[in-house]
Structure formats: structure tokens, C-alpha cells
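Chemist: Just dropping this structure here.
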Amino acid sequence: MKTARITTGRELPIGKILCIGRNYVDHIRELGNETPSAPVVFMKPASSVIGDGGEIVIPAYSANCHHEAELALLVGHGGKNIPEVEALASLAGYGVAIDLTLRDVQDELKKKGLPWDIAKGFDTACPLSEFVPAERVGDPQQLTIIMTVNGEERQHGNTALMINPVASIISHLSTIFTLEPGDVILTGTPAGVSRIVPGDRLTAEIPGVAMLRVSVKA
Ligand code: ZN
Numbered sequence: 023m024k025t026a027r028i029t030t031g032r033e034l035p036i037g038k039i040l041c042i043g044r045n046y047v048d049h050i051r052e053l054g055n056e057t058p059s060a061p062v063v064f065m066k067p068a069s070s071v072i073g074d075g076g077e078i079v080i081p082a083y084s085a086n087c088h089h090e091a092e093l094a095l096l097v098g099h100g101g102k103n104i105p106e107v108e109a110l111a112s113l114a115g116y117g118v119a120i121d122l123t124l125r126d127v128q129d130e131l132k133k134k135g136l137p138w139d140i141a142k143g144f145d146t147a148c149p150l151s152e153f154v155p156a157e158r159v160g161d162p163q164q165l166t167i168i169m170t171v172n173g174e175e176r177q178h179g180n181t182a183l184m185i186n187p188v189a190s191i192i193s194h195l196s197t198i199f200t201l202e203p204g205d206v207i208l209t210g211t212p213a214g215v216s217r218i219v220p221g222d223r224l225t226a227e228i229p230g231v232a233m234l235r236v237s238v239k240a
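Rendered as C-alpha cells:
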């Protein structure tokens with residue numbers, strides 16, 4: 023079983039991983055997607071998680087794996103129909119994740135109107151940092167997200183640019199899925215996604231919150 027670790031030493035077994043797509047205008051533009059009227063929601067299985075220092079294995083059925091650095095939320099006490107004003111208080115912590123995406127596979131599936139699971143949920147598709155306790159983050163809409171590959175900066179975004187802010191994401195998701203302790207929410211990626219290849223060293227960082235270093239199996 024995969025667990026989410028909080029820097030206080032507390033651990034929670036990871037439940038479902040809910041992901042928001044197309045939540046930053048600049049990233050929607052770079053992929054040529056339409057801005058959704060409601061948040062795009064998909065899931066990754068807990069089995070796709072690797073931790074800091076882990077190794078990404080790109081599946082043989084893809085030739086184009088992309089990194090997407092994202093603010094990650096850890097649910098502490100969940101519920102159904104959580105109002106926006108109570109949403110942030112339901113979190114146990116904040117961290118950083120890399121939503122690995124097999125872009126070539128996803129593009130084919132999208133064209134056919136098929137689900138994305140094999141492009142988003144394969145083993146090692148969800149590198150996830152430790153979580154800092156939620157009370158240590160003042161405003162989740164004022165966080166910088168930086169992604170470097172082999173020391174070169176590829177993504178540099180800010181959560182101020184989210185279309186759906188964190189409280190609204192939690193509230194919306196809780197109308198569809200009962201949120202439970204240990205659930206993880208990925209909040210979408212800013213612009214700058216790009217291909218990774220075997221041997222690459224990836225660092226995703228939200229300064230003052232979390233840092234995650236992983237490599238791609240050579
Ligand atoms: Zn994503």
C-alpha cells in the first residue's frame with residue numbers, strides 16, 4: 023500500500039488520486055485545447071505513486087512522456103458537498119507532484135473519445151513529494167511551481183493563475199466523490215510541459231512547501 027507522508031511524521035494510506043486538467047490558461051493554449059466550462063477531472067490509481075528519489079519507467083507503448091508539475095493537496099478529513107469556505111480546512115497538507123502523461127497515447131485516445139487511464143495511470147506515473155502541514159501554507163493561490171530537467175528550467179508558474187482555485191476544486195470534487203482522509207488532489211499544470219527521456223533527472227519544487235527529485239530509468 024502506498025502512503026502519503028507529512029513532514030511531521032504522520033502518514034496516511036493513499037486513497038484515490040483526483041486530477042484536474044486544463045486549469046491554467048497558458049497550458050491550455052500550448053496544447054491547443056479548448057477552455058472547459060467545468061473542470062476536467064480524471065484519476066490516477068494509488069499504485070502509480072513513487073516518492074522522492076524514485077525512478078520513472080516510461081512504458082514501452084509510448085514514445086512521448088511529458089512532465090506536468092502540479093500543486094498536490096492531501097485530504098485530512100473529507101466529506102461530501104464541502105462548501106468553499108470550509109474547503110481549505112479539510113486539507114492535511116500541501117505538496118508537489120509530477121502528473122506524468124504519455125502525450126502520444128493520450129492524443130490517440132482523445133481522438134477516439136476513449137478514456138485516458140493508460141496514458142495517466144501507469145506504474146510510476148505519479149511522483150509525489152512529502153506534504154507540509156496545511157497550516158504552514160498561508161495562501162495556496164500564491165505559490166510558485168518550478169520544474170527543472172537536468173538542471174534546466176522547463177516550467178515556472180504560479181498558482182495565482184489557476185482558473186479554478188484550490189477551495190473551488192475541493193468543493194466541486196466533493197459534490198461528485200466523497201473525499202476521504204488520504205485522498206490526493208492534483209490541481210493542474212502551468213505552461214512549459216515537455217518530453218522526458220531515459221536518464222533525465224527531474225526536480226519539481228514549490229519553494230517553501232515541497233521538493234521532489236526523481237529520475238527516468240535509463
Ligand atoms: Zn496534469
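In our numbering, the protein residues as written are 23 to 240.
Backbone N, C-alpha and C define an ideal beta-carbon position, used for all residues, glycine too.
1) Is it buried or exposed for Met23, if we count other Cβ within 10 angstroms and need 16 for buried?
2) What is the residue span of the beta strand (DSSP E) that His89 lies within?
3) Along the chain, where does the alpha helix (DSSP H) containing Ala147 start, and where does it finish?
4) Go through the stretch 100 to 177 residue by residue and report every complete run of the beta strand (DSSP E) that reaches 3 residues or more, in order.
5) Would you report the Cα separation of Glu92 and Ala85, rounded to the nearest angstrom?
6) So is Arg51 buried or exposed if we call it buried at 16+ other beta carbons inside 10 Å?
7) Have a look at Leu122, Ala156, Arg176 and Pro220 and flag the residue whose alpha-carbon is nearest the alpha-carbon of Ala189.
8) Three-state secondary structure (DSSP) at Ser59?
9) Hey, could you find the ends of the beta strand (DSSP E) Ser84 is sitting in?
Modeler: In brief:
1) Along the sequence shown, read from residue 1 onward, the residue named residue 23 stands at position 1. Counting C-beta atoms within 10 angstroms of its own C-beta, Met23 has fewer than 16 neighbours from the protein chains shown and is therefore classed as exposed.
2) Position 67 of the sequence shown holds residue 89. Note, His89: beta strand (DSSP E), Cys87 to His89.
3) For the purposes of this step, residue 147 is taken as residue 125 along the sequence shown, with counting starting at 1. DSSP places Ala147 in no alpha helix (DSSP H); its state is neither H nor E.
4) Runs found: 113 to 120 and 166 to 171.
5) As a working note, residue 92 is residue 70 in the sequence shown. As a working note, residue 85 is residue 63 in the sequence shown. Rounded to the nearest angstrom, the gap between the Cα atoms of Glu92 and Ala85 is 22 Å.
6) Taking the sequence shown and counting its residues from 1, one reaches residue 51 at position 29. A residue is called buried once 16 or more other Cβ atoms fall within 10 Å of its Cβ, and Arg51, having fewer, is exposed.
7) Counted from its first residue, the sequence shown places residue 189 at position 167. Closest by alpha carbon: Ala156.
8) Numbered from its first residue, the sequence shown carries residue 59 at position 37. Ser59: coil per DSSP, three-state reduction.
9) In the sequence shown, residue 84 corresponds to position 62, counting from 1. Bounds of any beta strand (DSSP E) do not take in Ser84, whose DSSP letter is neither H nor E.
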